[in-house]
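Here the structure is laid out as structure tokens; the discussion comes afterwards.
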Amino acid sequence: MEKPYVVGIDIGAQTAKYGIVDARGNVLAQSVIVSNSQPTAEEFINDLCNGIRKLAGNEYPLDQIRGIGVGAPNGNYYTGTIENAANLTWAKNGTVEFVKMMESQLGVPVALTNDANAAAVGEMTYGAARGMKNFIIITLGTGVGSGIVINGDVVYGHDGFAGELGHTCRVRNNGRICGCGKTGCLETYASATGVARTARELLELTDRKSILRTLPAENITSKDVFDAAIEGDELAKDIFTFTGRILGEAFADFVAFSSPEAIILFGGLTKAGDLIYKPIVEAMNLNLLPIWKGKIKVLFSTLKESDAAILGAGALGWEL
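Set out below in structure tokens:
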């Protein structure tokens, strides 16, 4: 009898979420640990494995788990390593043999990739991309991540790190400085932090009235901008229009190299709905070659937000 469960693990800068998933895409149990309180990879993996053992317990025993899928910053699918992940204290200055270390503790096959590629596998298995063989997922969170699927396969490239579309350059001269060391990267404009940066710039460079002026500029977040836009604040709405146009222009470029059936949006900024969706679609179609105009769908992820990261990572486990 085939093993009926997988484990999905989503490792972020603050927490690592993990859960037991069945073949229907139900998250049967889940938990979380802090991901940056441990000084070494060994201690983090010990904490994580202990948490998985406790969560599995007698109800979902490890010998009934087919595989474990992990989405992590700078996770390399080919090598099973996490390499120079700046936001993880235990992995920021070298290479962690993550898969090897987990498998030795739990005796269950483990697959590792970055979080955006995990999201792509999740959408293809459970979400908006079911039945699609060519699509791109764009994750709009603290940064801008991406997973590219061509002919049903995630594109990893020769070294396992393909698909860093958030670090394509939208503004080459005098662009914003990115955490990667480059200037003008897409994620410095189109991420949640990029939205906040745009707000601070407009408040400083213009004298337009805005609810946002009641807040300390350094503390403004993308949620503050969203809340202001919902209240009818014109400057806040313009920030989302600006952000959406930059994304739409970038999407037109992305279409040119892979001709996807759809571009799927995932992450916190998607809560802005039409505020960001309409300018994305308008700018994308304006900049597409005629052969693609009106043919490329832009969709929101259909995965349940609270379960999405676990489902995306867990989907890797079914491939083991």
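Everything in the sequence shown is counted per the numbering used here, starting at -8 for the first residue and increasing by one. Think of the CB as a built atom: it goes at the ideal place given N, C-alpha and C, for glycine as much as any other residue.
Alpha helix (DSSP H) segment containing residue i, residue limits
i: residue 44; result: 32 to 47
i: residue 11; result: Residue 11 -> not in any alpha helix (DSSP H); beta strand (DSSP E) instead, spanning 6 to 13.
i: residue 82; result: That residue, residue 82, is in no alpha helix (DSSP H); it is neither H nor E in DSSP.
i: residue 119; result: That residue, residue 119, is in no alpha helix (DSSP H); it is neither H nor E in DSSP.
i: residue 305; result: 296 to 308
Outcome for residue i when other beta-carbon atoms lying within 10 angstroms are tallied against a minimum of 16
i: residue 25; result: exposed
i: residue 17; result: exposed
i: residue 158; result: buried
i: residue 271; result: buried
i: residue 89; result: buried
i: residue 43; result: buried
i: residue 182; result: buried
i: residue 8; result: buried
i: residue 180; result: buried
i: residue 219; result: buried
Reduced DSSP secondary structure (H/G/I, E/B, other) of residue i
i: residue 91; result: helix
i: residue 174; result: strand
i: residue 150; result: coil
i: residue 182; result: coil
i: residue 28; result: coil
i: residue 133; result: coil
i: residue 18; result: strand
i: residue 112; result: helix
i: residue 166; result: coil
i: residue 280; result: coil
i: residue 311; result: coil
i: residue 143; result: coil
i: residue 159; result: coil
Boundaries of the beta strand (DSSP E) in which residue i is found, first to last residue
i: residue 290; result: 288 to 291
i: residue 101; result: 101 to 104
i: residue -1; result: -4 to 2
Other residues of its chain near residue i: CB distance less than 7 Å, five sequence neighbours each side excluded
i: residue 246; result: 279, 283, 287
i: residue 252; result: 123, 125, 126, 288
i: residue 304; result: -1, 0, 1, 60, 61, 62, 109
Residues near residue i by beta carbon distance below 8 Å, same chain, minus five either side
i: residue 262; result: 217
i: residue 75; result: 65, 82, 83, 84, 85, 86
i: residue 6; result: 23, 24, 25, 26
Chain-order list of residues whose beta-carbon lies under 6 Å from that of residue i (same chain, five-residue window excluded)
i: residue 2; result: 26, 63
i: residue 174; result: 166, 168
i: residue 298; result: 18
i: residue 101; result: 59, 90, 93, 94
Min CB distance residue i to chain B below 8 Å
i: residue 95; result: No chain B appears in this structure, which consists of one protein chain only.
Subject >> Secondary structure, beta strand (DSSP E): runs of 3+ residues fully inside the stretch 196 to 278 >> reply: 253 to 257
**OP:** Jot down the residue ranges of each uninterrupted beta strand (DSSP E) in the stretch 44 to 80, minimum 3 residues, whole runs only, in chain order.
**Re:** 56 to 62, 72 to 74
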